[in-house]
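Numbering (UniProt numbering), first residue to last: 1 to 235.
All C-beta atoms in this analysis are idealised placements derived from N, C-alpha and C, irrespective of residue type, glycine included.
Working notes, beginning with the structure itself.
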């Protein structure tokens, strides 16, 4: 989603291939493995047997994946865009300058006072990567249960997951602050203010998934009044 958005809007590259490989193969690997040690859902014995005709991924579950995935992509791109446009210590570009950055040298009048080299600055990519990594850690917490709230099944119900998240975040800080790794991944350490912005953009994924789980529990209990009848039949 993030790659599509940057290409569609003409934004500077938010993530490069080596960063995506790092997230997929290393940072996400430990939490994904730890999720195999999840305890059973609290209401598992109250559910009816699953029909052999049921699809592996229901329409509702697919919608949840799309909603969360859409937010992850938007937040990742939004973090880089925030640094370019809204951050008080950034270049504070306008929308046209950000989306037409490839024309910086050709349209000097529209980019007056803008150093075109700013579009290659490592900070926005670091913001995007940090948001992606933190959201993936929060998503791992969301995955403790398909429908149970984190209030009912907190992260420490799977201590392996907590350890995996700490390890993954430790690896992220390692590549940020170890000069050789930072040069390989084209990133740079963030300030406290920038980390606060990263957290603000990342934590809504918890709220979104908790709301979707709440609706799923109502549906699972046969309370489909939350949805229009047509949607109930689909889900």
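Its Cα nearest to that of residue 32, the residue 165 stands out among 74, 156, 165. Burial state of residue 96 is exposed, judged by a 10 Å Cβ sphere holding fewer than 16 other Cβ atoms. Comparing C-alpha distances from residue 3 to each of 41, 114, 129 shows the shortest one belongs to 129. Residue 7 is classed as exposed because its beta carbon has fewer than 16 other beta carbons within 10 Å across all chains shown. Sequence-distant Cβ neighbours of residue 143 in its own chain, meaning closer than 6 angstroms and more than five residues away, are 35.
The beta carbon of residue 187 sits closer than 8 angstroms to the beta carbons of 19, 122, 125, 126, 129, 175, 176 from its chain, once the five residues preceding and following it are set aside; these are given in chain order. Closest by C-alpha distance to residue 112, out of 120, 131, 92, is 92.
Between residue 14 and residue 80, the C-beta gap is smaller than 7 angstroms, which places the two residues in contact.
Fully contained in the stretch 10 to 66 are the following alpha helix (DSSP H) runs of length 4 or more, in chain order: 17 to 22, 29 to 34. By the C-beta density criterion, residue 107 is exposed, having fewer than 16 other C-beta atoms within 10 angstroms.
Residue 102 and residue 59 have their C-alpha atoms spaced approximately 40 angstroms apart.
Distance from the CA atom of residue 26 to the CA atom of residue 168, rounded to whole angstroms, is 8 angstroms. Residue 156 sits exposed, since fewer than 16 C-beta atoms from the chains shown fall within 10 Å of its C-beta. A Cβ-Cβ separation of about 6 angstroms places residue 23 in contact with residue 132 under the 8 angstroms criterion.
Taking the C-beta atoms as reference points, residue 148 is found nearer than 7 angstroms to residue 41. A direct Cα-Cα distance of roughly 26 angstroms separates residue 48 from residue 141.
Nearest C-alpha to residue 88 among 172, 52, 194: 194.
No residue range can be given for residue 108, since it is assigned to no alpha helix (DSSP H) and is classified by DSSP as neither H nor E. About 10 angstroms separates the beta carbon of residue 85 from that of residue 11, a gap too long to meet the 8 angstroms contact definition. Of the residues 29, 120, 52, the one whose Cα lies closest to the Cα of residue 16 is 120.
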